[in-house]
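Novice: What follows is a structure written as structure tokens; I'll ask about it next.
Protein chains in written order, with UniProt numbering: chain A, 1 to 755; chain B, 1 to 365.
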């Protein structure tokens, strides 16, 4: 039965191979046409039969909780696979994809299913390039296949692929795919009596012929995706830009526009229209192209074709001829078609235009009946409803409900990375007060593909954005990144608690070991939860969960913090202040005030805790209404090394309470300071200054007035006024005075003293 | 076959015979087997000329130029049309060799060469006079001393113009009418004073991008040339093979029987490539880190090791040869080389890199 099997190895995106496939289908009238393509798409081949404008691609995704892996199988008019599909169907054959699904391990790291031929650089092709004196495998292919005589092409291809396969090592991934494809071939041969045509990458052809001879002939089952992985696929519009090898990695043949023309009208026509396009492009950009240049290019192209033995001018003949005729400079970078890979910086502008013209701007379009993920329809309806389908600059006033709704839709699109949606300015996660947002909108042909490709994320814009938020929350362990993400959630209007978001926030908070990190997060989220009517986040359950997690975490961290005396840590103090606010204003979300105050009192008396935290804890207890005698506590930390830091903590959290006292902690401190000798005072001074800086100037003035009054009157402003003299001058004067006094005392010259 | 006799007899005496003599047998073989049509005035067809340069092992034709074959294609087709060929590129990218090979293949003669320089005059390009004859006979054809351009036009051969951009601009522009009108006027001669170019005449000019470059060249002259940029060899192994082959041949000519060790050459070529691309995080050197320069360093290293020490070279020998050959007298380049040896060399693995690193203090200064 093996003589009924015809395996046609092809190069993906090769017009000559496409033509050959069509010819073989016409000649063989096969009962079945088996194509290298995702077998899990077989039940949807009808979608491919709709009248699309190519290029389109079968887009497959495999999404887990953590990530989405995406693979494309692009097809254009001249793809052998596409021709096999359409011609096979037309001839009445049974048409089927026989390769493993894109989520299979065999496609790890593969973005473009039809790029594998390009990955087989082998000694064999190098040798052939030498032998035929061509620069690289693309030029070799043109020489041997695209512009060569069609006679004997099939045999030539078989030889070529045998040679390539003979040299290259097939890896485990190849073996898995080939085993699967071979089983399909065997089962199809068993099912039918007629000829069976297999269209596959040439690299696999020799192996498939061999494997088809013997083995299991049962129809292979579709492999099951790994657990917790959701798989699926849709057709998406593709573009020649994405197809071009010059534009990026993992693409097929270079210069798709050239091959499109070659497919439609033959090499002469292709060359003529492309010269015209290139000339137009160059002239549009102000680069000089004279008629004599074009005549020169034409004769060079023909001469090159003849020299290289091409009956008709090929792609590199055309490019080489144009480059020779049009470039009168030394080049910084080699001509891109003499190497493989994408354009490099410094490529000559004429060369850039030439390769761009050969790439083309064709963008595929799906037939309107093509199934699309619900996200596409939802997004389009939303955009139409909100008037976001236009173009240009957009100013939104977030205080207006309609504009807020538009802003939310736009932020969702921004999170989905939809092309042509850009936010120029607007509120940021800081405490800015603007309610105005500026956006620029620009229609883009890439928008639909991106929307379809995001279809795996959710059925509506909001849901898809939510998934993005959740995936990022999972990926971002750090609390500060998470805080930005939470703000994004507010902007999208998605500040709702979901199990996943809640869990990742809790995990991030629990992972944080730094009060200085949790504090600001709590402060920001608490403000959003309490006040934010602009984004409508006041009372949001998501933020409530964050407040709860942060409050518990701060208490936990504070109680375990042991450290010696050191400068007051402002981050630590702000965490304690944020906790105070949370307990005061969101009592339902935090532990009860009583137990927080009790814990605070424990910390305040913990001798191992750093002085600033002890002060802050005392302040917290005091602020929450627990009986606290700050004046008495101050005497416990009269040590000049600790006093200032302790006060800084106290003042940071219980500023109002300190001010409300008539006598109390301030006068206690006054007495303590008066008792310090000069050296001790100098040690205590910096921290004391910092502590009193917790008060705004007006309150500092108030304290000064009380002190002056207690000391018997005077002008309080003398205490707070800035010195008119440079403190350094004062200090040196004081030092000098001290020295003089010592000298006088030594010499017994002190006036008024006893001699 | 006299040509053969001449070349074999002359080979040991002449330091470097021209390409058409060095490869006389290959050229004769190609001409005999050549069945494709030849452009008017050409010694070989385009196909045969290409085979001569890129080589064909099955026919016993050696590969003489390492680079993109498409460059040769474009160059040959350019010459077959009526435009001149301008080869530009960094120094040491084998532009002159390529122009010599092409001239030998196309005209069977690569000796019609004008060497460009600041003092090049039109006399040296077109024609001058035998002054004693000029005085006795007046301006007659007998008194005329043809220079390469005039000979090339009259005989229908390719003229090579080396380093054209080093000539004064007005001297460069003397090529305008020979290139566009294919005619050279000799106004001093009476009567028929125009020399029309015969078929087969064309010009191959070379220019390097480190000198004045081609930017100052007049637009009129630029338009009459097709430009081809010759790049350094892209592939490491190809370059290493070339350095090995060339330096072995050079050492053999210098009477050194021991070929250089491939490991040492590998280190040498890697150093050159790193410095060429500015990979050594210190910018590209002023000096030319070309393949040709690598060959000459390999040559010097081999000679020094053989004649001064009586052995083969080790990687450490590269250092002081490079200081002279590659860094020339440029203090910055020397500093760059030193930094390379200090920072890059120790990171590479292998005894030869170790030896290179140990020898770093041999750098002068």
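C-beta atoms are modelled at their ideal positions from N, C-alpha and C, and glycine is treated no differently.
Identify whether residue 374 of chain A lies in helix, strand or coil by the three-state DSSP scheme.
Specialist: Stepping through the first chain from its first residue, residue 374 of chain A is reached at position 374. Note: residue 374 of chain A maps to helix in three-state DSSP.
Novice: Using a Cβ-Cβ distance under 8 Å, would residue 124 of chain B count as near chain A?
Specialist: Position 124 of the second chain, counted from the start, is the residue given in the question as residue 124 of chain B. Residue 124 of chain B does not count as touching chain A.
Novice: Apart from the five residues just before and just after residue 207 of chain B, which ones in its own chain have a Cβ nearer than 6 Å to its Cβ?
Specialist: Taking the first residue of the second chain as 1, we reach residue 207 of chain B at position 207. The residues are 88, 164, 165, 214.
Novice: When the cut-off is 8 Å and only beta carbons count, does residue 314 of chain A lie next to chain B?
Specialist: Residue mapping note: residue 314 of chain A aligns to position 314 of the first chain, counting from 1. So, not an interface residue.
Novice: Within the continuous alpha helix (DSSP H) that includes residue 667 of chain A, where are the two ends?
Specialist: Position 667 of the first chain, counting from 1, holds the residue named residue 667 of chain A. Counting along the chain, the alpha helix (DSSP H) containing residue 667 of chain A begins and ends at 665-675.
Novice: Taking only three categories from DSSP, how would you classify residue 520 of chain A?
Specialist: As a first step, residue 520 of chain A is located in the first chain; it is residue number 520 there, counting from the start. In this structure, residue 520 of chain A counts as helix in the three-state DSSP scheme.
Novice: For residue 32 of chain A, which three-state DSSP category applies?
Specialist: Against the first chain, residue 32 of chain A aligns to sequence position 32. Looking at residue 32 of chain A - three-state DSSP - the assignment turns out to be strand.
Novice: Let me confirm a value: residue 722 of chain A is counted as buried when at least 16 other C-beta atoms fall within 10 Å, else exposed. Which label applies?
Specialist: Reading the first chain from its first residue, position 722 is the one you call residue 722 of chain A. Counting Cβ neighbours within 10 Å, residue 722 of chain A comes out exposed, since fewer than 16 surround it.
Novice: Candidates B/57, B/105, B/126: which alpha carbon is nearest residue 42 of chain B's?
Specialist: As a working note, residue 42 of chain B is residue 42 in the second chain. Nearest C-alpha to residue 42 of chain B: B/105.
Novice: Could you tell me the distance, in whole angstroms, from the CA atom of residue 37 of chain B to the CA atom of residue 343 of chain B?
Specialist: Within the second chain, the letter at position 37 stands for residue 37 of chain B. Within the second chain, the letter at position 343 stands for residue 343 of chain B. Taking the straight line from one Cα to the other gives about 58 Å.
Novice: What does residue 168 of chain B touch in chain A if you count any residue whose Cβ is under 9 Å from its own?
Specialist: Residue numbering aside, residue 168 of chain B sits at position 168 when the second chain is read from its first letter. Residues of chain A passing the Cβ test: none, with the nearest at roughly 20 Å.
Novice: Which runs of the alpha helix (DSSP H) fall wholly inside the segment 128-202 of chain A and span at least 4 residues, in chain order?
Specialist: Here the runs fully enclosed are 137-141, 153-167, 172-191.
Novice: Starting from residue 230 of chain A, trace the beta strand (DSSP E) in both directions and tell me its first and last residue.
Specialist: Position 230 of the first chain, counted from the first residue, corresponds to residue 230 of chain A. Here the beta strand (DSSP E) through residue 230 of chain A covers 230-237.
Novice: Is any beta-carbon of chain A found at less than 8 Å from that of residue 47 of chain B?
Specialist: Position 47 of the second chain, counted from the first residue, corresponds to residue 47 of chain B. True, the Cβ-Cβ gap to chain A drops below 8 Å.
Novice: Output yes or no for whether 8 Å exceeds the beta carbon distance between residue 189 of chain A and residue 5 of chain A.
Specialist: As a first step, residue 189 of chain A must be located in the first chain, where it is residue number 189. As a first step, residue 5 of chain A must be located in the first chain, where it is residue number 5. Their beta carbons are under 8 Å apart, which means residue 189 of chain A touches residue 5 of chain A by this criterion.
Novice: Which class does residue 266 of chain B belong to by DSSP, given the choice of helix, strand or coil?
Specialist: Locating residue 266 of chain B in the second chain gives position 266, counting from the first residue. Three-state DSSP puts residue 266 of chain B in a helix.
Novice: For residue 347 of chain A, does the count of other Cβ atoms within 10 angstroms reach 16, so buried, or fall short, so exposed?
Specialist: On the first chain, position 347 is the one that residue 347 of chain A refers to. The residue is buried, with at least 16 neighbouring Cβ atoms inside 10 Å.
Novice: At the level of alpha carbons, what is the spacing between residue 107 of chain B and residue 180 of chain B?
Specialist: The residue you call residue 107 of chain B lines up with position 107 of the second chain. The residue you call residue 180 of chain B lines up with position 180 of the second chain. Roughly 20 Å between the two C-alpha positions.
Novice: Determine the direct distance from the alpha carbon of residue 684 of chain A to that of residue 672 of chain A, and round the result to whole angstroms.
Specialist: For the purposes of this step, residue 672 of chain A is taken as the residue at position 672 of the first chain. For the purposes of this step, residue 684 of chain A is taken as the residue at position 684 of the first chain. The alpha-carbon atoms of residue 672 of chain A and residue 684 of chain A are separated by roughly 11 Å.
Novice: Whose C-alpha, out of A/495, A/282, A/702, is nearest the C-alpha of residue 411 of chain A?
Specialist: Taking the first residue of the first chain as 1, we reach residue 411 of chain A at position 411. Among A/495, A/282, A/702, the Cα nearest to that of residue 411 of chain A is on A/495.
Novice: Once DSSP output is grouped into helix, strand and coil, what is the label at residue 560 of chain A?
Specialist: Taking the first residue of the first chain as position 1, residue 560 of chain A is located at position 560. Residue state, collapsed to three classes: helix.
Novice: Kindly list the residues whose CB is nearer than 7 Å to the CB of residue 91 of chain A, restricted to its own chain and excluding five residues on each side of it in sequence; keep chain order.
Specialist: Within the first chain, numbered from 1, the residue matching residue 91 of chain A stands at position 91. Cβ neighbours of residue 91 of chain A beyond the five flanking positions: 25, 29.
Novice: Specify, as a first and last residue, the run of the alpha helix (DSSP H) that residue 333 of chain A falls within.
Specialist: Along the first chain, one-based indexing puts residue 333 of chain A at 333. Taken as a continuous stretch (DSSP letters only), residue 333 of chain A belongs to no alpha helix (DSSP H), as it is neither H nor E.
Novice: Would you call the CB atoms of residue 515 of chain A and residue 582 of chain A closer than 8 Å?
Specialist: In the first chain, residue 515 of chain A corresponds to position 515, counting from 1. In the first chain, residue 582 of chain A corresponds to position 582, counting from 1. Result no, Cβ atoms of residue 515 of chain A and residue 582 of chain A do not sit closer than 8 Å.
Novice: Kindly confirm or deny that the segment 88-105 of chain A and the segment 122-142 of chain A touch, where touching means at least three C-beta pairs closer than 8 Å.
Specialist: The segment 88-105 of chain A is not in contact with the segment 122-142 of chain A.
Novice: Give me the chain A residues within the contact set of residue 73 of chain B, using Cβ-Cβ distance strictly less than 7 Å, ordered along the chain.
Specialist: Your numbering for residue 73 of chain B matches position 73 in the second chain. Near residue 73 of chain B (Cβ distances below 7 Å), the residues of chain A are 304, 307, 308, 320.
Novice: For the beta strand (DSSP E) holding residue 230 of chain B, just list the boundary residues, first then last.
Specialist: Translated into positions along the second chain, residue 230 of chain B becomes position 230. Residues 225-230.
Novice: Residues in the segment 136-151 of chain B with C-beta within 7 Å of chain A's C-beta atoms, listed in sequence order?
Specialist: Answer in chain order: no residues at all.
Novice: What residues match up with residue 146 of chain B in a beta bridge as DSSP calls it?
Specialist: Taking the first residue of the second chain as 1, we reach residue 146 of chain B at position 146. Paired residues: B/127.
Novice: Taking residue 84 of chain B as part of the beta strand (DSSP E), name the residues at either end of that continuous run.
Specialist: Position 84 of the second chain, counted from the first residue, corresponds to residue 84 of chain B. Looking at the DSSP string, the run of the beta strand (DSSP E) that includes residue 84 of chain B is 84-89.
Novice: Do residue 95 of chain A and residue 35 of chain A come within 8 Å of each other at the CB atom, strictly closer than that value?
Specialist: As a first step, residue 35 of chain A must be located in the first chain, where it is residue number 35. As a first step, residue 95 of chain A must be located in the first chain, where it is residue number 95. For residue 35 of chain A and residue 95 of chain A, yes; Cβs fall inside 8 Å.
Novice: For a test of your reading of the model: does the CB of residue 52 of chain A fall under 7 Å from any non-hydrogen atom of the ligand GTP? Yes or no.
Specialist: As for the ligand GTP, it is missing from this structure, which has no ligand bound.
Novice: Under 8 Å, do residue 262 of chain A and residue 270 of chain A count as touching if we go by C-beta distance?
Specialist: Residue 262 of chain A sits at position 262 when you count from the first residue of the first chain. Residue 270 of chain A sits at position 270 when you count from the first residue of the first chain. For residue 262 of chain A and residue 270 of chain A, yes; Cβs fall inside 8 Å.
Novice: For my contact list, residue 165 of chain A and residue 106 of chain A are in at a C-beta cut-off of 8 Å; report their separation, rounded to the angstrom.
Specialist: Here the question's residue 165 of chain A lines up with position 165 in the first chain. Here the question's residue 106 of chain A lines up with position 106 in the first chain. Contact flag wrong, Cβ pair sits at about 17 Å.
Novice: Using the beta-carbon of each residue, which ones in chain A are nearer than 7 Å to residue 69 of chain B?
Specialist: The residue you call residue 69 of chain B lines up with position 69 of the second chain. Neighbours of residue 69 of chain B on chain A, chain order: 133, 134, 135.
Novice: Among B/132, B/171, B/186, which has the Cα closest to the Cα of residue 146 of chain B?
Specialist: By one-based count along the second chain, residue 146 of chain B stands at place 146. Cα-wise, what sits closest to residue 146 of chain B is B/186.
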